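Structure below.
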């Protein structure tokens with residue numbers, strides 16, 4: 001298929017450094033007619049929504065007033081929740097009070113939902129305790145399950161088990177979802193003996209047999225610790241009990257096998273997935289495969305994979321393009337990066353912070369500092385706040401270029417912002433100072449880390465030690481650093 005030339009104006013905003021004659025790689029040619037129609041319909045839909053705005057204003061105003069009234073009515077109840085949440089003494093005091101047992105149901109349930117969503121498990125359990133004291137309270141299996149799932153995500157399997165016992169004591173129906181929530185809590189914390197024991201119990205309990213969701217959760221946890229033998233056993237077990245893997249199961253397998261470079265197993269999962277009539281690959285499948293091939297430098301295979309997935313009707317997302325940009329950037333294939341960026345511009349894919357970070361990092365690694373700085377300025381002009389990843393890329397690039405003044409400029413930028421920094425950033429900063437020979441500033445990073453409440457790790461200390469030793473310095477400073485490793 002003939003390559004399509006890039007329009008001369010479509011990339012002017014994002015990649016002015018590429019000539020208009022850059023050829024479009026075959027995999028980035030025109031979207032299908034179906035996708036173009038969808039874009040057209042999307043525009044028509046926007047026009048229709050604009051026409052309905054006037055009619056919706058009155059309804060929105062009414063809803064707004066109702067919301068204000070509801071907040072006023074529940075203000076006292078919210079106050080009780082916050083006071084009870086503050087200290088245990090207040091909770092115990094309110095327990096015997098009459099008012100605390102007559103709170104509005106919606107208020108208490110919303111407070112519980114907010115804390116569960118935010119994974120504030122201690123606070124959520126306090127609100128749940130308050131909920132159980134209400135005169136209108138009735139045991140609800142769904143609430144228990146949500147709490148157990150939250151506790152699993154927060155690595156609190158013992159608390160999840162306590163709730164499981166409590167729901168049995170309150171007469172709640174114990175079903176496969178309840179067991180799955182507890183199993184998830186065990187497996188997320190690496191308690192595989194307990195998780196597999198619970199799985200066997202589910203098999204022998206009527207109405208609680210494990211389903212594909214149960215197995216998928218356990219498979220994901222095993223993959224997280226690279227327990228591939230256990231994963232194989234679970235897949236065999238699923239077939240034995242007639243449980244068919246779904247798209248989520250296969251996507252998890254494809255993604256993990258790809259990340260660790262086990263391409264034979266990854267491709268076997270893709271073939272098995274395609275042979276399953278009830279299981280259709282989706283954009284997550286495509287992204288996992290592209291990421292695997294791209295990260296390992298198999299660019300040709302990645303491009304062929306992209307072709308096959310898109311021709312099968314799967315439309316790329318912004319995440320897909322971020323993966324392609326990252327892969328091309330690490331391979332220093334900047335012409336193809338430009339083609340991807342133009343494609344995104346042409347079809348209205350808005351850049352995310354991940355997109356900017358990928359492009360900034362690519363140019364930084366290649367030593368193209370002017371292009372990196374241009375993208376960084378563009379990022380700020382779009383009101384997208386740089387994050388820790390952005391700053392790591394900048395500092396790393398300036399360190400490799402030996403530009404200590406620009407490293408200091410990044411530090412000044414940080415001082416005037418509220419960016420949350422982590423140990424990975426400080427490790428980049430230590431390495432950058434070491435490269436430019438600023439050993440005093442390098443050691444001062446430890447003070448910066450202490451102020452930001454970031455603990456140095458082995459990488460931090462070893463980088464500092466190597467920097468001093470490379471300059472022929474082996475004094476008390478080096479000994480102190482080595483002692484930090486022994487703590």
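Residue numbers (full-length UniProt numbering): 1 to 487.
Just so you know, even glycine gets a beta-carbon here, dropped at the ideal spot from N, CA and C.
None of these values were measured; they are calculated from a predicted model.
Inter-residue spacing [alpha-carbon to alpha-carbon] between residue i and residue j
| i | j | result |
| --- | --- | --- |
| residue 323 | residue 290 | 7 Å |
| residue 302 | residue 173 | 48 Å |
| residue 21 | residue 484 | The predicted position of residue 21 is uncertain, since its pLDDT is 32 and thus under 50; a value taken from the coordinates is nonetheless stated next. When rounded, the distance between both Cα atoms is 56 Å. |
| residue 315 | residue 281 | 12 Å |
| residue 328 | residue 433 | 29 Å |
| residue 321 | residue 403 | 31 Å |
| residue 465 | residue 391 | 24 Å |
| residue 388 | residue 276 | 42 Å |
| residue 486 | residue 203 | 48 Å |
| residue 175 | residue 164 | 11 Å |
| residue 293 | residue 137 | 53 Å |
| residue 410 | residue 217 | 42 Å |
| residue 440 | residue 264 | 49 Å |
| residue 358 | residue 326 | 6 Å |
| residue 458 | residue 178 | 41 Å |
| residue 470 | residue 428 | 18 Å |
| residue 180 | residue 170 | 19 Å |
| residue 305 | residue 112 | 45 Å |
| residue 348 | residue 247 | 29 Å |
| residue 473 | residue 480 | 13 Å |
| residue 384 | residue 356 | 9 Å |
| residue 468 | residue 147 | 51 Å |
| residue 288 | residue 266 | 10 Å |
| residue 447 | residue 463 | 16 Å |
| residue 366 | residue 376 | 15 Å |
| residue 194 | residue 162 | 14 Å |
| residue 240 | residue 196 | 16 Å |
| residue 354 | residue 166 | 43 Å |
| residue 335 | residue 397 | 21 Å |
| residue 160 | residue 145 | 9 Å |
| residue 426 | residue 445 | 7 Å |
| residue 232 | residue 274 | 19 Å |
| residue 443 | residue 386 | 25 Å |
| residue 104 | residue 345 | 50 Å |
Contact check, residue i vs residue j, beta carbons under 8 Å
| i | j | result |
| --- | --- | --- |
| residue 249 | residue 226 | no |
| residue 394 | residue 364 | yes |
| residue 100 | residue 129 | no |
| residue 299 | residue 333 | yes |
| residue 296 | residue 242 | no |
| residue 510 | residue 270 | Past the edges of the chain, shown from 1 to 487, lies residue 510, and the structure says nothing about it. |
| residue 401 | residue 369 | yes |
| residue 198 | residue 182 | yes |
| residue 489 | residue 436 | The structure shown does not extend to residue 489, since the chain is modelled only from 1 to 487, so the question has no answer here. |
| residue 362 | residue 337 | yes |
| residue 212 | residue 245 | yes |
| residue 143 | residue 102 | no |
| residue 318 | residue 352 | yes |
| residue 157 | residue 119 | no |
| residue 252 | residue 220 | yes |
| residue 116 | residue 131 | no |
Complete beta strand (DSSP E) runs within the stretch 351-391 (minimum length 3 residues, chain order): none
Stretch-stretch touch, CB-based, cutoff 8 Å, three pairs: the stretch 187-194 with the stretch 204-215: no
Minimum length 4: unbroken alpha helix (DSSP H) runs contained in the UniProt repeat "PPR" (422-456): 423-436 and 439-451
Segments of 4+ residues assigned as alpha helix (DSSP H) that fall wholly inside the stretch 250-299: 263-275 and 283-295
The stretch 106-125 contacting the stretch 151-166, beta-carbon criterion three pairs below 8 Å: yes
Cβ contact (3+ pairs, closer than 8 Å) linking the stretch 415-433 and the stretch 452-464: yes
Touching by the beta-carbon criterion (3+ pairs, under 8 Å), the stretch 295-314 and the stretch 339-352: no
Segments assigned alpha helix (DSSP H), at least 4 residues, entirely inside the stretch 140-197: 141-153, 157-169 and 176-188
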